[in-house]
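Below: the structure, in structure tokens.
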Amino acid sequence: MSRPAFSPEGVTLGVGLVALGVLWTLSNLGRVEMLPVLRTWWPLSFVVWGALELADLAIRRSSGRQP
Amino acid sequence: MSARKIGMLLLLLAFGASVETAWQVRGDVRIGPEGCRVMGGRFYGPSYSFEQTAERAVSSPARLEVRNAFGGVRVAAGAPGTVRVKLRKVVFLPTEEKAKGFADRVELRLSGEGSSLSVTTNRDDVRRGEDTGLETHLEIEVPPDTAVSVRNEHGQVDLSGLASAEVESSFGEVDVTRIAGDARVESKHDDVAVEDVGGSASVSSRHGAVAVSDVRGAVTLDVEHGHTAARRTGSIEAKQSHGGFQAEAVAGDLVVRGSHSEVDAADVTGRADVETSFGHAKLARIGAGARARVEHGRVEAEDVTGGLAATASHDGVTARHVDGAVEIEAQNGAVDASGLSGGARVRAQGGDVSLDGFSGAVTVEVDRGSARLTPRAAIASPITVEVHNGDVDLRVPDGSRATIEAESRRGDVRSDVAGLTVSDDDRPGPGRQFRGSIGGGGEPVKLRADGDVAFGAYGSASAITDRAVAKPSIEAGARTLEATPSPSPSPATAPTASPARRPTPSPDAPAEAPSEAPRTEAP
């Protein structure tokens, strides 16, 4: 049994955590205001996750594996 | 979809909801050196007080207008010809330096010429676009003959020793006392007290208790969601809803239109006219007649001169010692009356009727109840009783002279009255009917009932005793009014601000304390 190429939700969570950490750090440095940025961009996590799911589906089909 | 993906979806939605919630309350939550401020926290944390004073000469009679937003307003009588204003600025900022910088921009604004003066501040200009808590407390001394108008939004208003007073307040207690002329108060959210007014008084309140006392002129009240107490006043016209209403020692008429209110009135020299619902109406010592109408509540009237008209639904009527004509109607309630000297017309449904110690003509109609009547003395006026689904019992004092018509449709007619002669007794079928006379005949007495009709002997008329109707008394109120000091033109005797029955406009340091005193307040 082979492992999947990647886990879309895992990648999304990882990217989200990285983004949150960077944003928090920038906020502490006084470069950005955290709350307005978060409120504006947090729905992008759904976009990223959805894109990764589509990519995962395409990879599975091209490699002949069942989704 | 796997459980892992569902968990991820829920995690993202929870994160988004948290962000949106934080965004919504962002203006009301702040974590900083002053602590955590939550929900409208502009007035939390450390604060500092600063004072500014001003003085302006005015001609007599003066007129003062005061406008304020957050902070108390106190206006009291001072020296003639001069208005003295003290502004106390309370700034909620973490450090005294920041607070002073902010407070220096807040200034008194005095405008007007001659006898008119307007007092306000520039707080709206200063606070525009800033999120800093600022209280502006105004303490003003004016000539005693000053007519004062105050409009305040958040803070206590305290006026005393003035020619007249007008107050519009949104949030904060209002105290108006020792006013030579008229007083008018409109309050939305807090208690109102008006005391010692030489002219008329008008109070409108939406949420809060109202107390009015020692008013020489007429009183107009419009109170919702609060209790009203009026003592020692002129005539009263009141609208009251969702709160009790009490009036004592009213020198004039009393008119109350209530809703969901209990009404208690005592010692009214004029006429009492009360309508209310879902609460009782109690009237005592009314001088010129009373009318009470209660839906879903009881009417109790005692010592009424000039007649009584009482209507109650879903409860009964009690009347004691009424001089004058009485008209009572009770739906789904009993009628219990005694000491009626001017006759009565009584209608009751779903309750018994008891008339004890009455005189004058009496007419009683009862449905689903019984009637028991005991005249005060020998029968000397017509008595008519009609009862459906009940009995009739008439006590007959010695010395009565009456012509009897009695009919029991399904029961019996009984009598233990000596000297009752029967002239006709010829009813076929069930029941009994007869005509007769007592003492050789006299006033007509007609009793009809579905049940039994009974005549009972009641001893001698002299044995029936009853006290006189008590008159209203407002002497205590009159004494208080005479002792009320009118605003004096002499500064030596000018009334000072009344002792605070409640906390002063601010819990901050007292006015005499050095300014810029740090204020310690729990966050």
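Protein chains in written order, with my numbering: chain Y, 1 to 67; chain F, 68 to 590.
Note that beta-carbon positions come from the ideal geometry of N, C-alpha and C, so glycine has one too.
Just so you know, these numbers come straight off a predicted model, no measurement behind them.
Can you tell which of the options has the C-alpha that lies nearest to the C-alpha of residue i?
i      : options                           : result
F:T149 : F:R130, F:S254 and F:V86          : F:R130
F:P511 : F:T451, F:V241, F:G374 and F:V234 : F:T451
F:L321 : F:D334, F:A143 and F:G311         : F:D334
F:R218 : F:R298, F:E163 and F:V186         : F:V186
F:D465 : F:S448, F:G486, F:T378 and F:D458 : F:G486
F:S236 : F:A247, F:R245 and F:S216         : F:S216
F:A411 : F:A392, F:V420 and F:G424         : F:A392
F:V209 : F:E132, F:S302, F:V264 and F:V259 : F:E132
F:S127 : F:G356, F:L229 and F:P161         : F:L229
F:A470 : F:V454, F:R502 and F:R476         : First, the amino acid is wrong: residue 470 of chain F is Thr here, not Ala. Checked all of F:V454, F:R502 and F:R476; the closest Cα to F:T470 is F:R502.
F:S227 : F:E394, F:I246 and F:L154         : F:I246
F:T162 : F:L440, F:T188, F:P113 and F:L184 : F:P113
F:D192 : F:E174, F:G181 and F:E180         : F:E174
F:H455 : F:G374, F:G265, F:D434 and F:I446 : F:D434
F:V463 : F:A296, F:G478 and F:A445         : F:A445
F:T213 : F:N189, F:R151 and F:E240         : F:R151
F:F425 : F:D419, F:G436 and F:P449         : F:P449
Pull up the distance between the alpha-carbon of residue i and that of residue j, whole angstroms please.
i      : j      : result
F:A584 : F:S116 : Any reading at F:A584 must be qualified, since the residue scores a pLDDT of 36, below 50, and its modelled position is unreliable; the value itself is stated next. Those two C-alpha atoms are separated by around 6 Å.
F:S408 : F:G427 : 6 Å
F:H274 : Y:G21  : 50 Å
F:V361 : F:D249 : 32 Å
F:A620 : F:V243 : Given that chain F is displayed from residue 68 to residue 590, the structure contains no residue 620 of chain F and the question cannot be resolved.
F:A576 : Y:P43  : Residue confidence for F:A576 is low, a pLDDT of 35 falling below 50, so the modelled location carries little weight; the figure read from the coordinates is stated next. Near 51 Å, if we compare the C-alpha coordinates of Y:P43 and F:A576.
Y:G50  : Y:R61  : 17 Å
F:E220 : F:S271 : 15 Å
F:V290 : F:H309 : 9 Å
F:G311 : F:R283 : 23 Å
F:Y111 : F:G200 : 8 Å
F:L288 : F:I207 : 28 Å
F:K165 : F:R176 : 23 Å
F:D460 : F:A438 : 6 Å
F:A339 : F:R358 : 6 Å
F:G83  : F:H204 : 43 Å
F:R443 : F:A332 : 27 Å
F:G222 : F:R534 : 52 Å
F:M75  : Y:V18  : 16 Å
F:R546 : F:R298 : Caution is warranted here: a pLDDT of 40 is assigned to F:R546, below 50, making its placement in the model unreliable, and the coordinate value is therefore given only provisionally. Cα to Cα, the separation comes out at about 13 Å.
F:A81  : Y:G10  : 17 Å
F:R195 : Y:G30  : 26 Å
Y:L57  : Y:R39  : 30 Å
F:R569 : F:E262 : Note that F:R569 has pLDDT 37, beneath the 50 cutoff, so the model's placement of it is unreliable and the number below is only indicative. The straight-line gap from Cα to Cα measures roughly 15 Å.
F:D423 : F:K538 : 21 Å
F:E432 : F:G508 : 24 Å
F:H294 : F:D281 : 18 Å
F:A70  : Y:W41  : 26 Å
F:G354 : F:R141 : 40 Å
F:H315 : F:G181 : The residue asked about is misnamed: residue 315 of chain F is Glu in this sequence, not His. Their Cα atoms are separated by approximately 42 Å.
F:V371 : F:D390 : 6 Å
F:T343 : F:A379 : 10 Å
F:E240 : Y:E33  : 42 Å
Y:S7   : Y:L13  : 10 Å
Y:L26  : Y:V48  : 22 Å
Indicate, with yes or no, if the ligand SAM has a heavy atom lying under 7 Å from the CB of residue i.
i      : result
F:R462 : Absent from the structure shown: the ligand SAM. Ligands present: none.
Chain F contacts from the stretch 45-57 of chain Y (Cβ-Cβ distance under 8 Å): Hits within the stretch, in order: S45, F46 and W49.
Sufficient close CB pairs (3 or more, under 8 Å) joining the stretch 163-171 of chain F to the stretch 251-262 of chain F: Fewer than three pairs of CB atoms, one per stretch, sit closer than 8 Å, so the stretch 163-171 of chain F makes no contact with the stretch 251-262 of chain F.
Minimum length 3: unbroken beta strand (DSSP E) runs contained in the stretch 453-492 of chain F: The stretch 453-492 of chain F is shown to contain whole beta strand (DSSP E) runs of 3 or more residues at 459-463, 469-475, 480-482 and 487-491, in chain order.
Segment contact, 8 Å Cβ cut-off, at least three pairs: the stretch 137-145 of chain F with the stretch 75-89 of chain F: Output reads no: the stretch 75-89 of chain F does not touch the stretch 137-145 of chain F.
The stretch 475-487 of chain F / the stretch 516-526 of chain F touching (three or more Cβ pairs under 8 Å): They touch, by the three-pair rule.
At least three beta-carbon pairs within less than 8 Å, the stretch 360-376 of chain F to the stretch 335-352 of chain F: Yes: at least three Cβ pairs fall under 8 Å.
Contact list for the stretch 14-38 of chain Y against chain F, Cβ threshold 7 Å: Against chain F - using a Cβ distance shorter than 7 Å - the residues of the stretch 14-38 of chain Y are L35 and L38.
Validate contact between the stretch 412-421 of chain F and the stretch 388-402 of chain F using beta carbons, cut 8 Å, 3 pairs: Because the criterion of three Cβ pairs below 8 Å is met, the stretch 412-421 of chain F and the stretch 388-402 of chain F touch.
Residues in the stretch 82-93 of chain F having any Cβ partner in chain Y nearer than 8 Å: With the criterion set as a beta carbon lying under 8 Å from some beta carbon of chain Y, the members of the stretch 82-93 of chain F are F82, G83, V86, E87, A89, W90 and R93, in sequence order.
Contact residues within the stretch 162-187 of chain F, judged by C-beta distance below 8 Å to chain Y: Of all residues in the stretch 162-187 of chain F, none places a beta-carbon less than 8 Å from a beta-carbon of chain Y.
Residues of the stretch 68-79 of chain F with Cβ closer than 7 Å to any Cβ of chain Y, in chain order: Sequence-ordered contacts of the stretch 68-79 of chain F with chain Y read R71, K72, M75 and L79 [C-beta pairs closer than 7 Å].
Segments assigned alpha helix (DSSP H), at least 4 residues, entirely inside the stretch 498-531 of chain F: None, since the stretch 498-531 of chain F contains no complete alpha helix (DSSP H) of that length.
Whole runs of the alpha helix (DSSP H) within the stretch 101-152 of chain F, excluding any shorter than 4 residues: Segments of the alpha helix (DSSP H) lying fully in the stretch 101-152 of chain F: there are none.
Within the stretch 216-302 of chain F, ranges of the beta strand (DSSP E) (whole runs, at least 3 residues): Counting whole runs of 3 or more residues, the stretch 216-302 of chain F contains the beta strand (DSSP E) stretches 224-229, 231-238, 241-246, 250-256, 259-264, 268-274, 277-282 and 286-291.
Minimum length 3: unbroken beta strand (DSSP E) runs contained in the stretch 319-345 of chain F: List check, beta strand (DSSP E) in window: 330-335 and 339-344.
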